[in-house]
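Report on the following structure.
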Amino acid sequence: MVYIDINILSDKIEFSIFRNFSNNKKILKRNEIIFPICYSSPQRLNYIRNLMGSFIEEYNIGHYKVNIGNLNRDEDIKVLIDEMREVVKIEGVLEELFISKGVKTWR
Numbered sequence: 318m319v320y321i322d323i324n325i326l327s328d329k330i331e332f333s334i335f336r337n338f339s340n341n342k343k344i345l346k347r348n349e350i351i352f353p354i355c356y357s358s359p360q361r362l363n364y365i366r367n368l369m370g371s372f373i374e375e376y377n378i379g380h381y382k383v384n385i386g387n388l389n390r391d392e393d394i395k396v397l398i399d400e401m402r403e404v405v406k407i408e409g410v411l412e413e414l415f416i417s418k419g420v421k422t423w424r
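In terms of my numbering, the sequence shown has 344 at position 27, counting the first letter as 1, and numbering is strictly consecutive.
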């Protein structure tokens with residue numbers, strides 16, 4: 318079975334795609350997606366959805382886990398809230414994508 322583990326940060330997504338063989342992990346791909354600065358929020362969400370959709374099909378991913386990474390707690394509260402809104406939107410888009418493609422949660 319092929320799994321994807323995703324960590325959403327305020328400026329990028331880190332992910333690992335791996336195959337599990339009787340409790341041995343074989344990493345197929347480990348990378349990050351850095352959000353293009355010039356994209357608006359809807360463009361960024363569409364970009365992430367399309368890219369992750371291609372990974373699902375290419376690697377035949379069957380299970381997923383989404384984590385929200387640490388946000389910079391030293392920032393101004395308004396900036397922190399804005400970043401959190403974006404992270405929650407990204408999480409929602411990814412959850413919807415995985416559900417629509419029949420990928421199951423892995424906890």
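Each residue gets a CB set at the ideal place from its N, CA and C atoms; glycine is no exception.
Beta-bridge partners of Phe335 (DSSP): Tyr320 and Ile344.
The secondary-structure analysis by DSSP pairs Ile325 across a beta bridge with Ile330 and Ile385. Between Glu408 and Ile325, the CB-CB gap stays under 8 angstroms.
Proximity to Met318 across Tyr356, Lys343, Glu331 and Leu368 peaks at Lys343, based on C-alpha coordinates.
For Trp423 and Asp393, the gap between their C-alpha atoms comes out near 34 angstroms. Tyr364 has its alpha-carbon roughly 19 angstroms from the corresponding atom of Asn384.
In the displayed model, Lys421 falls within a strand according to three-state DSSP.
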